[in-house]
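K.L.:
Chains A and B supply the protein sequences, listed in that same order.
Heads up, the first sequence is in my numbering, so the first residue is 100 and it goes up one at a time.
Heads up, the second sequence is in my numbering, so the first residue is 100 and it goes up one at a time.
Glycine included, each C-beta is placed from N, C-alpha and C at the ideal position.
As the structure is a computational prediction, the values presented were derived from the model and not from experiment.
The structure follows.
Protein chains: 2
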Amino acid sequence: MLIFAPDMNNTRFATAIHILTLLANSPDEWLSSDWIAGSININPVIVRKELGILQNSGLVISRKGKEGGSKLNKPSDEISLAEIYLSVKNSEVLGKKNLHPNPKCPVGKDINENLEKLFTEISHVVIDSLRHKTLKDFVKQFH
Amino acid sequence: MLIFAPDMNNTRFATAIHILTLLANSPDEWLSSDWIAGSININPVIVRKELGILQNSGLVISRKGKEGGSKLNKPSDEISLAEIYLSVKNSEVLGKKNLHPNPKCPVGKDINENLEKLFTEISHVVIDSLRHKTLKDFVKQFH
DNA sequence: TTAATTGTAATATAAATTGTTACAATTTTG
DNA sequence: CAAAATTGTAACAATTTATATTACAATTAA
Chain A
100 MLIFAPDMNN TRFATAIHIL TLLANSPDEW LSSDWIAGSI NINPVIVRKE LGILQNSGLV
160 ISRKGKEGGS KLNKPSDEIS LAEIYLSVKN SEVLGKKNLH PNPKCPVGKD INENLEKLFT
220 EISHVVIDSL RHKTLKDFVK QFH
Chain B
100 MLIFAPDMNN TRFATAIHIL TLLANSPDEW LSSDWIAGSI NINPVIVRKE LGILQNSGLV
160 ISRKGKEGGS KLNKPSDEIS LAEIYLSVKN SEVLGKKNLH PNPKCPVGKD INENLEKLFT
220 EISHVVIDSL RHKTLKDFVK QFH
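Below you can see the structure in the form of structure tokens.
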């Protein structure tokens, strides 16, 4: 299964939750990537790639062939936004570190270690706050 | 003063806090962008651009000319990491929205409005958690 | 057997980020 | 005043990341 590029400031969370919202609204149907792509207005291959990721994290099942498509792998009230975020997350909230700070400088020497601590802490704050929200809660807002 | 591109998955927070850490360590000196750049190991023009942003938000003062440079505009224990983050932030924690979701689809029609609410809420969570941390706390970790 | 679909590779295009060069304006020092 | 060092910023180049597109083998239902 395909792996995305190693960084995130992108539409992946938005795309993933859009896909999952559609699936949640039709829990008994196998929705095609083409149809989903038409709602998001992006290329169907992007949808299939994201669906691959969501399958890997157990949120979705897909099947091939005619009448193929995807559906949720568990009820929407058992899917937290944290799970979705973690599926697509591949960079930190506060961005990237500089790659080669000067090791001869007392600050440059240790900054990335200290940033790492901070980044991890903030990441946990975000995840904890998303853990309390379910996909069902999100979907409920649509009429 | 110059404006950066309208999105963030970049090294701007890392660069800004690195700059401010150096300034905090030498509160009485005017540090040059060249010297700072040598510690971060990036181009001095990038440092000057970021210093411009930090001046705009009142964290730093700079002066031109020979013996010019920059220093903190207030004590490091009066600078919160939230202020730094807000100075450089120009995108959301959960990424970008898709630009043209299908208005004829009940989900596509409202998704960006609903994402906006979620993005705002998560943004506040991050900012609140950074508000309790000062630059001084961060700098204290270096030896 | 045909039609529709996923999965995925390969490549192309677009967008964002970072780096570089250049130089006017400013300021200090001799 | 002249020289040297520095900021501020414009213009542009290079690199990296993100998204889109084309293509097609494999699968599945009818």
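1. Less than 9 Å between CB atoms is the rule here; does lysine 165/A satisfy it with respect to chain B?
2. Please report the straight-line C-alpha distance between glutamate 177/A and glutamate 212/A, rounded to a whole angstrom.
3. List the residues of chain B whose Cβ lies closer than 8 Å to the Cβ of alanine 181/A, in chain order.
4. Which residues bound the alpha helix (DSSP H) around leucine 121/A?
5. By how many angstroms is the C-alpha of arginine 111/B removed from the C-alpha of glutamate 215/A?
6. Taking only beta-carbon atoms, is glutamine 240/A less than 9 Å away from chain B?
7. Pull out every residue of the stretch 137-148 of chain B whose Cβ sits closer than 7 Å to any Cβ of chain A, in chain order.
8. I need the DSSP call for serine 138/A, collapsed to helix, strand or coil.
9. Between serine 156/B and the rest of its own chain, which residues show a CB-CB distance below 8 Å, the 5 nearest in sequence each way excluded?
10. Would you give the residue range spanned by the beta strand (DSSP E) that glycine 168/A belongs to?
11. In the DSSP assignment, find the beta strand (DSSP E) that holds isoleucine 66/A and state where it starts and stops.
12. What is the rounded straight-line gap between the Cα of lysine 235/A and the Cα of alanine 123/A?
13. Taking the C-alpha atoms as reference points, what is the distance between leucine 101/B and glutamate 220/A?
14. Give the DSSP-derived three-state secondary structure of leucine 198/B in the structure shown.
15. Residues of the stretch 223-235 of chain B in Cβ contact with chain A at a cutoff of 9 Å, in chain order, please.
16. Closest to threonine 99/B by C-alpha separation, out of Val238/A, Ile226/A, Cys204/A, would be which residue?
17. Buried or exposed: leucine 229/B, going by 16 or more other Cβ atoms within 10 Å of its Cβ?
18. Under the rule that 16 or more other beta-carbon atoms within 10 Å means buried, what is serine 125/A, buried or exposed?
19. Relative to the C-alpha of lysine 163/A, which residue among Lys173/A, Pro174/A, Gly151/A is closest?
20. Go through its chain and collect everything with a Cβ distance to proline 105/B's Cβ below 7 Å, but skip five positions before and after it.
21. Does the Cβ-Cβ distance between proline 200/A and asparagine 140/B come in under 9 Å?
P.N.:
Judging by the given coordinates:
1. no
2. Taking the straight line from one Cα to the other gives about 36 Å.
3. The contacting residues do not exist; alanine 181/A stays about 11 Å from chain B at best.
4. Element bounds for leucine 121/A: 111-124.
5. 15 Å
6. yes
7. Cβ contacts with chain A: Gly137, Ser138, Ile139, Asn140, Ile141.
8. helix
9. Glu182, Leu185, Ser186
10. 168-171
11. Residue numbering for chain A in the displayed model covers 100 to 242; residue 66/A lies beyond these limits and cannot be assessed.
12. 8 Å
13. The pLDDT assigned to leucine 101/B is 31, lower than 50, so where the model puts this residue is not dependable; a value taken from the coordinates is nonetheless given after this. When rounded, the distance between both Cα atoms is 32 Å.
14. Here leucine 198/B sits in coil by DSSP.
15. Val224, Val225, Asp227, Ser228, Leu229, Lys232
16. Within the shown structure, residues of chain B are numbered from 100 to 242, placing residue 99/B beyond reach of any answer.
17. If you draw a 10 Å sphere on the C-beta of leucine 229/B, you find 16 or more other C-beta atoms in it, and that means buried.
18. Here serine 125/A is exposed: its Cβ has fewer than 16 other Cβ atoms, across all protein chains shown, within 10 Å.
19. Gly151/A
20. Only weak support exists for where proline 105/B lies, its pLDDT of 34 falling under 50; the value from the coordinates is given anyway. Counting only Cβ-Cβ distances below 7 Å, and skipping sequence neighbours, we find Asn189.
21. yes
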